[in-house]
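Residue numbers (the numbering used here), protein chains in the order written: chain Y, 1 to 145; chain C, 146 to 290.
Note that the Cβ used here is the ideal one computed from N, Cα and C, for glycine as well.
The structure appears right after this line, and notes come after that.
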DNA sequence: GGACAGTACATGCGTGTGCATTCAATGCAA
DNA sequence: TTGCATTGAATGCACACGCATGTACTGTCC
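Have a look at this one:
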């Protein structure tokens with residue numbers, strides 16, 4: 001890639017810091033709020049949402065882990081363990097994929113869908129607070145310790 | 146906060162996913178590249194950069210940890226340990242603050258400044274690749290495992 | 001001065017993550 | 001069919017994180 005002149009570089013850095021700030025504010029608040037009220041992390045919610053979308057779209061067809069992976073920004077191992085947590089919590093079931101027995105198909109349980117529906121308004125509210133107005137929530141701009 | 150109509154909600158979610166994708170791509174590639182070539186994590190680089198800026202701006206005055214904290218999106222404990230790593234690597238020195246002996250003042254070492262200057266072009270290059278064109282780097286869109 | 005709330009940083013602990021590796025199943029080629 | 005590279009997912013391991021707490025220092029109020 002070509003070198004950047006200093007003006008382009010400054011713009012890029014400013015854009016990056018803005019992105020970091022928004023991400024930190026939203027991610028921190030989501031993790032805290034979803035965790036406190038629903039026992040879900042940000043990524044857990046994200047996975048539940050993909051499963052809901054997958055089921056609604058494909059007429060209830062279950063998602064394979066390998067289909068889920070590219071849509072969630074986690075390593076394969078982290079996703080594997082996250083699914084194990086969801087299964088342990090009774091929100092999801094894992095079953096062997098008949099077509100390709102290496103694969104695992106995931107299905108939302110009733111409890112999983114319920115949990116998602118309950119958590120969703122809070123999730124959207126947090127997004128509104130942290131992304132919407134442009135004003136960052138101070139209590140999460142720097143994560144409290 | 147008021148309820149969102151479904152259109153506003155969809156926009157918010159789209160914005161959030163875009164942000165997540167960009168952040169994941171940039172953060173993953175930064176951590177990998179800076180780590181491989183310079184032994185620095187993304188946040189380590191960020192802290193070095195604040196120290197460089199602080200020193201250049203204030204006429205070489207050292208930064209206190211409490212000044213640094215709000216600019217880095219880390220918990221106080223994570224920052225404390227990050228600084229310990231930088232000190233162990235010889236990139237930074239910690240000293241008691243004379244004015245307020247609870248505080249710690251940080252100063253960049255020569256090695257710290259050098260490391261920063263060496264890593265900076267790569268950092269900017271990665272930002273250009275992941276933020277610039279709008280095209281995400283596929284190899285990091287989903288972190289490899 | 002002495003007690004006490006508040007602040008700055010460090011540390012014990014549990015947990016989530018990525019990397020490397022492993023294991024099973026698949027597809028292909030000889 | 002056998003042999004082998006590839007793929008999907010699970011697991012050992014090290015590490016960075018956040019939370020809760022601990023320790024040292026400051027400032028205030030009595």
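For residue 240/C, there is no enclosing alpha helix (DSSP H); the enclosing beta strand (DSSP E) covers residues 237-241.
In the DSSP annotation of this structure, the continuous segment of the alpha helix (DSSP H) that includes residue 158/C starts and ends at 151-183. Contiguous beta strand (DSSP E) elements confined to the segment 217-262 of chain C occur at 237-241 and 249-253, taking only those with 3 or more residues.
The contact set of residue 15/Y on chain C, defined by CB atoms closer than 7 Å, consists of 276 in chain order. For the segment 94-117 of chain Y, the set of positions with a beta-carbon nearer than 8 Å to some beta-carbon of chain C is empty.
The CB of residue 12/Y comes closer than 8 Å to the CB of 269, 272, 273, 276 and 277 in chain C, given here in chain order.
Listed along chain Y, the residues sitting closer than 8 Å to residue 166/C by beta-carbon distance are 73. Residue range 65-68 is occupied by the alpha helix (DSSP H) that includes residue 68/Y. When the beta-carbon positions are compared, residue 208/C and residue 251/C come within less than 8 Å of each other.
Using a CB distance cut-off of 8 Å, residue 67/Y does not count as an interface residue toward chain C. Taking a Cβ-Cβ cut-off of 8 Å, the neighbours of residue 171/C in chain Y comprise 16 and 19, given in sequence order. For the options 255/C, 214/C and 178/C, the alpha carbon positioned closest to that of residue 238/C is the one of 255/C.
Judged by beta-carbon spacing, residue 50/Y lies within the 8 Å limit of residue 71/Y, meaning their Cβ atoms are closer than that value. Restricting attention to 12/Y, 118/Y, 130/Y and 132/Y, the CA atom closest to the CA of residue 48/Y is found in 118/Y. For the pair residue 167/C and residue 68/Y, the Cα-to-Cα distance works out to about 18 Å. Between residue 108/Y and residue 55/Y, the C-beta spacing is below 8 Å. With at least 16 other beta carbons inside 10 angstroms of its own, residue 171/C counts as buried.
Residue 44/Y has a beta carbon lying at 8 Å or more from every beta carbon in chain C. In the structure shown, residue 62/Y falls within a coil segment according to DSSP collapsed to helix, strand and coil. In the assembly as shown, residue 198/C is an exposed residue. Its beta-carbon has fewer than 16 other beta-carbons within 10 Å. Using a Cβ-Cβ cut-off of 7 Å, residue 9/Y is close to 269 of chain C, given in chain order. For the 8 Å CB-CB criterion, residue 236/C and residue 260/C form a contact.
A residue is called buried once 16 or more other Cβ atoms fall within 10 Å of its Cβ, and residue 206/C, having fewer, is exposed.
Look at residue 186/C here: in three-state DSSP terms it is coil, with no helix or strand label.
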